[in-house]
Amino acid sequence: MFPSQKALAYRCQKGHVSPCTRHSECIGQQMCYANNCVPAMPAGGMCITDSNCETKNGQACISGICMVPAVTTPAPATPPPVIPPFPIFPPIPGLQLQYCLDNNHNSCPGQQICVFFLCFPAQPAGKSCTNASECGAGQACKFGECWRAATIFGMAFELF
Numbered sequence: 799m800f801p802s803q804k805a806l807a808y809r810c811q812k813g814h815v816s817p818c819t820r821h822s823e824c825i826g827q828q829m830c831y832a833n834n835c836v837p838a839m840p841a842g843g844m845c846i847t848d849s850n851c852e853t854k855n856g857q858a859c860i861s862g863i864c865m866v867p868a869v870t871t872p873a874p875a876t877p878p879p880v881i882p883p884f885p886i887f888p889p890i891p892g893l894q895l896q897y898c899l900d901n902n903h904n905s906c907p908g909q910q911i912c913v914f915f916l917c918f919p920a921q922p923a924g925k926s927c928t929n930a931s932e933c934g935a936g937q938a939c940k941f942g943e944c945w946r947a948a949t950i951f952g953m954a955f956e957l958f
């Protein structure tokens with residue numbers, strides 16, 4: 799396959815969208831719709847120019863046939879929502895939780911620690927530290943102190 803054929807084959811792949819401003823910029827049985835080349839299908843009728851087609855209905859003259867988009871323009875790519883790998887706790891009235899990155903306690907604000915990718919209020923455990931291995935089970939080292947998750951509304955959250 800020649801380089802130009804590879805480029806053409808790539809542009810014809812399903813899901814590939816090329817930007818355009820005119821139908822002539824699109825290849826094969828494609829048309830320019832919403833500034834993207836999209837697959838087209840016959841709408842019925844022969845033509846010489848766009849004026850021979852029902853342009854108010856989105857038709858265009860392509861290769862002597864009135865055509866319409868076979869698909870709508872794909873929605874802009876948006877990043878998927880970040881979903882933590884652990885179950886999300888049910889909402890607790892009066893408590894607003896935020897996600898913490900990489901289960902890292904330092905990504906939680908103030909006196910909060912990360913428990914299952916969510917920041918929870920914490921209380922000092924009464925011991926100085928330089929890293930978590932110096933703290934007790936289920937505790938975190940933050941600000942040079944060992945911290946444990948606080949009991950909130952009668953519920954205790956522990957690090958595992």
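Just so we're aligned, residue 799 is where the sequence shown starts under my numbering, counting upward by one.
All C-beta atoms in this analysis are idealised placements derived from N, C-alpha and C, irrespective of residue type, glycine included.
Beta strand (DSSP E) segment containing residue i, residue limits
i    : result
S931 : No beta strand (DSSP E) holds S931; DSSP gives it neither H nor E.
P922 : L916 to S926
R946 : E943 to A947
K940 : Q937 to K940
P907 : Careful: P907 lies outside any beta strand (DSSP E) and carries neither H nor E.
Y897 : Neither: Y897 is in no beta strand (DSSP E) and is coded neither H nor E.
G842 : N834 to M844
Q857 : First-last for Q857: undefined, no H or E at that position.
Q828 : Q828 to Y831
C864 : I863 to P867
Own chain residues within Cβ distance below 8 Å of residue i, not counting five before or after
i    : result
N850 : G843, M844, C859 and C864
A920 : Q909, Q910, I911, A938, K940, W945, R946, A947 and A948
T928 : C939 and G942
Same chain only: Cβ atoms within 6 Å of residue i, ignoring 5 sequence neighbours per side
i    : result
C835 : S816, C818, C824 and Q828
C906 : C898, C912 and C917
Contact belief for residue i with residue j at Cβ below 8 Å, rounded distance in angstroms
i    : j    : result
L916 : L899 : Wrong, their Cβ atoms sit about 11 Å apart, outside the cutoff.
G942 : S926 : 6 Å
N902 : K940 : Actually they are not in contact, since the Cβ atoms of N902 and K940 sit about 10 Å apart, beyond 8 Å.
Burial state of residue i (16 or more Cβ within 10 Å)
i    : result
I911 : buried
A832 : exposed
A873 : The pLDDT assigned to A873 is 47, lower than 50, so where the model puts this residue is not dependable; a value taken from the coordinates is nonetheless given after this. It counts as exposed.
Proximal residues to residue i (C-beta, below 7 Å), its chain only, five neighbours per side dropped
i    : result
C830 : C818, T819, R820, H821, E823 and C824
A838 : Q827, Q828, M829, I860, M865, V866, P867 and A868
G908 : none
T847 : C859
Of the residues the options, the one placed nearest residue i, counting alpha carbons only
i    : options             : result
A923 : N929, F914 and C933 : C933
K854 : Y897, A841 and T928 : A841
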